[in-house]
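Here the structure is laid out as structure tokens; the discussion comes afterwards.
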Amino acid sequence: MKTIVVGSLESSDCLITLQPADKTTIDIESVVYDAYGKRIRHVIERVLSAHQLTRVHVRCQDKGALDYAIEARLETAIKRHKEVNHGA
Amino acid sequence: MARSYLFIPGDVPRMLQNMDVFEADAVIVDFEDAIATHTKDEARDLTRAFITKHHENLPDIYVRVNAVEHDDFMRDIDALFGLDITGIVLPKADTHALKRYRETFEKKGEHPLHLIALIETPRACLDMLAIADYPLVRALMLGGEDLTSALATARTNARTEIATARGLMVLAAAAAGIDSIDTPYPVVDHPEGLQADIAQSVAFGFSAKACIHPNHVDAVNRAFTPSQAAVDEARRILAMHEKTGSTRFSLDGNMIDKPIIERAKNVIKQAGIHGRDLP
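Written out as structure tokens, the structure is:
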């Protein structure tokens with residue numbers, strides 16, 4: 025099973041790492057974790073839920089990304105994950 | 721009537737989010753040359769999400785998709801359906817590519833988005849009038865770097881290698897009644913070279929110029945906005961035209977006739993569009 029990496033560590037972006045796992049886990053590292061950590065987690069959970077993904081590990085290394093950027097990076101990662109790990 | 725078209729990469733959030741502060745009249749979000757093959761999906765998803773969520777107070781947005789023969793062309797078009805953008809920049813545009821582009825939308829039952837045809841091959845240069853006359857095409861843009869490569873020559877400071885293409889483009893666009901957009905100056909930090917290149921764009925008669933860096937936008941906007949002296953001169957010509965009721969008269973020893981009066985009207989129109997103070 026392959027690890028997927030999408031995005032960057034540049035300002036206003038985030039690096040999303042997605043791996044198959046036994047259950048869903050989310051790790052967040054953010055320069056604005058105290059203010060926005062919960063919000064970032066909510067965005068990630070919402071996107072995973074929309075795709076009905078329950079057995080992945082998501083690591084989000086955030087550099088001040090807005091919601092749309094986190095969503096888009098995770099969307100791309102999920103599409104690649106489905107192609108690579110499920111042949112979708 | 722845009723003066724400046726700024727290219728920004730589609731996979732960099734910082735650039736997308738700042739597209740409204742660069743002061744370009746239009747931006748071209750790039751899915752093609754600025755994006756590595758393995759991150760084109762990232763650019764599509766990021767751009768779509770940004771325009772969907774942050775669509776207020778944005779400049780005119782075009783997207784440069786990959787060329788019609790490229791594997792990513794259809795994926796690019798699919799990612800743009802339903803988005804509030806002004807149009808598409810089609811690379812390697814020629815009559816075959818335009819037909820493929822139109823058919824792509826027709827097969828999906830969608831109305832094709834307007835196009836800026838990017839002219840960057842010798843054949844396209846020689847077919848420019850047919851391309852300019854194509855109903856979906858709203859402007860021609862010169863791709864100087866690819867054309868220079870196709871001609872197997874080198875870029876010069878005088879840009880002699882693209883002079884013929886520049887002249888042909890201005891003629892073809894004018895004949896078809898559409899805009900002509902000159903190739904960007906390819907060096908990021910060379911103000912003297914930039915000014916000289918912009919002066920050529922204006923002298924050839926282009927309507928606008930593309931930019932590869934935000935730092936080029938201000939100089940391009942200024943060059944394509946009529947100067948106060950030009951506005952004053954145009955006002956005097958039009959005032960004399962109105963006073964005499966004639967399309968042929970002398971002003972300061974210069975013969976003024978219909979083409980000069982039309983140019984004066986165009987100067988006033990351009991100045992009005994781009995905000996120069998007109999009492």
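Chains as they are written, first to last, in the numbering used here: chain A, 25 to 112; chain B, 721 to 999.
For every residue, glycine included, the Cβ atom is placed at its ideal position computed from N, Cα and C.
Do you know offhand how far residue 852/B's Cα is from residue 752/B's? On the second sequence, position 132 is the one that residue 852/B refers to. On the second sequence, position 32 is the one that residue 752/B refers to. If I take the Cα positions, the gap works out to 22 Å.
Mind listing which residues of the region 756-780 of chain B have their C-beta closer than 9 Å to chain A's C-betas, in chain order? 759, 761, 762, 764, 765, 766, 767, 768, 769, 770, 772, 773, 774
Using a cut-off of 9 Å between C-beta atoms, extract the partners of residue 103/A located in chain B. Here residue 103/A is taken as the residue at index 79 of the first sequence, counted from 1. Those are 761, 765, listed as they occur along chain B.
Roughly how many whole angstroms lie between the Cα atoms of residue 923/B and residue 58/A? As a working mapping, residue 923/B is identified with position 203 in the second sequence. As a working mapping, residue 58/A is identified with position 34 in the first sequence. Spanning the two alpha carbons is a distance of roughly 56 Å.
Going by DSSP, name the residue or residues bridged to residue 84/A. Here residue 84/A refers to the residue found at position 60 of the first sequence. The partner list for residue 84/A (beta bridge, DSSP) reads 40/A, 52/A.
According to DSSP, is residue 848/B helix, strand or coil? In the second sequence, the residue the question calls residue 848/B occupies position 128. In the structure shown, residue 848/B sits in a helix (DSSP, three-state: H, G or I).
Straight-line gap, residue 778/B to residue 730/B (C-alpha atoms, nearest Å): Here residue 778/B is taken as the residue at index 58 of the second sequence, counted from 1. Here residue 730/B is taken as the residue at index 10 of the second sequence, counted from 1. Roughly 15 Å separates the two Cα atoms.
Between the region 878-890 of chain B and the region 834-852 of chain B, do at least 3 Cβ pairs fall closer than 8 Å? yes
If you check the beta carbons only, do residue 848/B and residue 892/B fall under 7 Å apart? Here residue 848/B is taken as the residue at index 128 of the second sequence, counted from 1. Here residue 892/B is taken as the residue at index 172 of the second sequence, counted from 1. Cβ atoms of residue 848/B and residue 892/B: closer than 7 Å.
Answer yes if the region 779-797 of chain B comes into contact with the region 756-764 of chain B, meaning at least three C-beta pairs across the two stretches below 8 Å, and no otherwise. yes
Residues of chain B with CB closer than 7 Å to the CB of residue 36/A, please, in chain order. For the purposes of this step, residue 36/A is taken as residue 12 along the first sequence, with counting starting at 1. Those within 7 Å of residue 36/A in chain B are 733, 734, 737.
For residue 63/A, count neighbouring Cβ atoms within 10 angstroms of its own Cβ and tell me buried if that reaches 16, exposed if not. Within the first sequence, residue 63/A is the residue found at index 39, counting from 1. Looking at its Cβ environment, which holds fewer than 16 other Cβ atoms inside 10 Å, residue 63/A is exposed.
Would you mind stating whether residue 51/A and residue 89/A have Cβ atoms separated by less than 7 Å? Working through the first sequence from its first residue, we reach residue 51/A at position 27. Working through the first sequence from its first residue, we reach residue 89/A at position 65. No, the pair does not count as a contact, with Cβ atoms beyond the cut-off.
Contact between the region 98-105 of chain A and the region 739-748 of chain B: three or more CB pairs below 8 Å? no
Any idea if residue 775/B is buried or exposed, counting beta-carbon neighbours within 10 angstroms, 16 or more meaning buried? The sequence position of residue 775/B within the second sequence is 55, counting from 1. So residue 775/B counts as exposed.
Take residue 91/A as the anchor and find which of 60/A, 103/A, 28/A, 30/A has the nearest alpha-carbon. Locating residue 91/A in the first sequence gives position 67, where the first residue counts as 1. If we check each option's Cα against that of residue 91/A, 60/A comes out closest.
Can you give the Cα-Cα distance for residue 954/B and residue 936/B, rounded to whole angstroms? By one-based count along the second sequence, residue 954/B stands at place 234. By one-based count along the second sequence, residue 936/B stands at place 216. Looking at the two C-alpha atoms, the distance is approximately 28 Å.
Using CA coordinates, which residue listed in 986/B, 993/B, 958/B is at the minimum distance from residue 976/B? Taking the first residue of the second sequence as position 1, residue 976/B is located at position 256. The option with the nearest alpha carbon to residue 976/B is 958/B.
Is it true that the CB of residue 807/B sits closer than 7 Å to the CB of residue 834/B? Locating residue 834/B in the second sequence gives position 114, counting from the first residue. Locating residue 807/B in the second sequence gives position 87, counting from the first residue. Yes, the Cβ-Cβ distance between residue 834/B and residue 807/B is below 7 Å.
N-terminal and C-terminal residue of the beta strand (DSSP E) that residue 974/B is part of: In the second sequence, residue 974/B corresponds to position 254, counting from 1. Its beta strand (DSSP E) spans residues 974-976.
Nearest-angstrom Cα distance between residue 950/B and residue 934/B? Here the question's residue 950/B lines up with position 230 in the second sequence. Here the question's residue 934/B lines up with position 214 in the second sequence. Their backbone Cα atoms lie some 27 Å apart in a straight line.
What residue range does the beta strand (DSSP E) around residue 861/B cover? The sequence position of residue 861/B within the second sequence is 141, counting from 1. Note, residue 861/B: beta strand (DSSP E), 857-862.
Evaluate the contact criterion for the region 42-56 of chain A versus the region 73-82 of chain A: three or more CB pairs, one atom per stretch, below 8 Å. yes
Assumed close pair residue 803/B, residue 772/B - CB separation to whole angstroms, cut-off 8 Å: Position 83 of the second sequence, counted from the first residue, corresponds to residue 803/B. Position 52 of the second sequence, counted from the first residue, corresponds to residue 772/B. Yes, they are in contact, since the Cβ atoms of residue 803/B and residue 772/B sit about 7 Å apart, within 8 Å.
If we call anything under 7 Å between Cβ atoms a contact, is residue 991/B one with residue 946/B? Here residue 991/B corresponds to residue number 271 of the second sequence, with the count starting at 1. Here residue 946/B corresponds to residue number 226 of the second sequence, with the count starting at 1. In contact: residue 991/B and residue 946/B (Cβ atoms closer than 7 Å).
Between the CA atoms of residue 917/B and residue 910/B - distance to the nearest angstrom: The residue given as residue 910/B occupies position 190 in the second sequence. The residue given as residue 917/B occupies position 197 in the second sequence. When rounded, the distance between both Cα atoms is 11 Å.
Cβ-based burial, residue 33/A [other Cβ within 10 Å; buried from 16]: Numbered from its first residue, the first sequence carries residue 33/A at position 9. Exposed, since its Cβ has fewer than 16 Cβ neighbours within 10 Å.
Show which residues of chain B have a CB atom less than 8 Å away from the CB atom of residue 80/A. Walking along the first sequence from the start, residue 80/A turns up at place 56. What residue 80/A touches in chain B: nothing, since even the nearest Cβ is about 17 Å away.
Find the nearest neighbour of residue 55/A within the set 74/A, 86/A, 31/A, 71/A, judged by alpha-carbon distance. Here the question's residue 55/A lines up with position 31 in the first sequence. Closest option to residue 55/A, Cα to Cα, is 86/A.
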